[in-house]
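The block underneath contains the structure these notes are about, expressed in structure tokens.
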Amino acid sequence: MGIVNVTPDSFSDGGRFLDPASAIAHGRALAAEGASILDVGGESTRPGAAPVDLEEELRRVIPVIEGLAGECRISVDTRKPEVARAAVKAGASLINDVSAELWPVAAELGVGWVAMHMQGEPATMQAEPHYDDVVVEVCRFLAERAEAAKSGGVTEIWIDPGFGFGKTIGHNLELLAHLDQVVALGWPVMVGISRKAMLGRILAESDGSSDPVPPDDRLAGSIASEVWAMHLGVGMIRAHDVRSAVQAAKVVAA
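In case it helps, the numbering used here puts the sequence shown at residues 20 to 273.
This is the structure:
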């Protein structure tokens, strides 16, 4: 899954593809690199991000989805049912839902749905997140949401443990180490760990620096994490660096 952020404030590429023409060109480039799905989003959900109003989010994503529909499968990254409905009308067939609440919309529209775990809201989720057992709690949450969606009529369901969404570095590493337990729930698993802040901090520590490695320099950490995830049975990788991720996937599958 290639990432197409039509936002001014995404943590990695905010502002680079804000106008529809550049976002469409970027999506086509990712598809040429091997992305089988393009995930189009108009609201950043990075830690501390402010919500985007409905009309602005629609203005950002719908022209891009219309421009890419028919060339590649399209996913819409949104928490708003109105955006999900408009995106599906424009050509999307998957709802990537960080709120894990839009399964009734997916059932209504007959499209796929990704349920992600997040503790809290993007604006405040990194303010002292706490778990008694992060792996157990994330697995329980995802299983409950997936079962509800199945009972409600959704036929394509993915689960995502939500790296960096209301989790410390320790929580993220615990989840990464035990992704096999998420896979064992029996639902297809997607992970989005590409260029995440946890990688910037880990790589900085390995270099003896106190400053996180910037997002564009986190490729090695991203690929290492994605290879580990694929080795444990994860079925979809949400990535900025599609060509490298596809090459890594081919080696894992060889």
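Don't be surprised by glycine CBs; every beta carbon is placed ideally from N, CA and C.
Item: Taking the beta strand (DSSP E) that Val-157 falls in, what are its first and last residues?; Value: Here Val-157 belongs to no beta strand (DSSP E); instead the alpha helix (DSSP H) covers 153 to 170.
Item: Return the bridge partner residues of Ile-56 from the DSSP annotation.; Value: Arg-92
Item: How many Å lie between Asp-72 and Ala-134 at the Cα?; Value: 22 angstroms
Item: Which stretch, first to last residue, makes up the beta strand (DSSP E) that contains Leu-251?; Value: It is not in any beta strand (DSSP E) - Leu-251 carries neither H nor E in the DSSP assignment.
Item: So for Trp-122, helix, strand or coil by DSSP?; Value: helix
Item: Can you name, in chain order, every residue of its own chain whose Cβ lies under 6 angstroms from the Cβ of Phe-30, other than the five neighbours on each side?; Value: Note that Phe-30 has pLDDT 48, beneath the 50 cutoff, so the model's placement of it is unreliable and the number below is only indicative. Arg-65.
Item: Kindly indicate which three-state DSSP category Ala-68 falls into: helix, strand or coil?; Value: coil
Item: If you measure between the beta carbons of Ala-103 and Val-117, is that distance less than 8 angstroms?; Value: no
Item: Assign Lys-269 to buried or exposed, taking buried as 16 or more other Cβ atoms, counted over all protein chains shown, within 10 Å of its Cβ.; Value: exposed
Item: For Val-261, report the span of its alpha helix (DSSP H) as first-last.; Value: 261 to 272
Item: To the nearest angstrom, report how far apart Val-232 and Val-83 are at their CA atoms.; Value: 31 angstroms
Item: Taking the CB atoms as reference points, tell me whether Gly-189 and Arg-257 lie closer together than 8 angstroms.; Value: no
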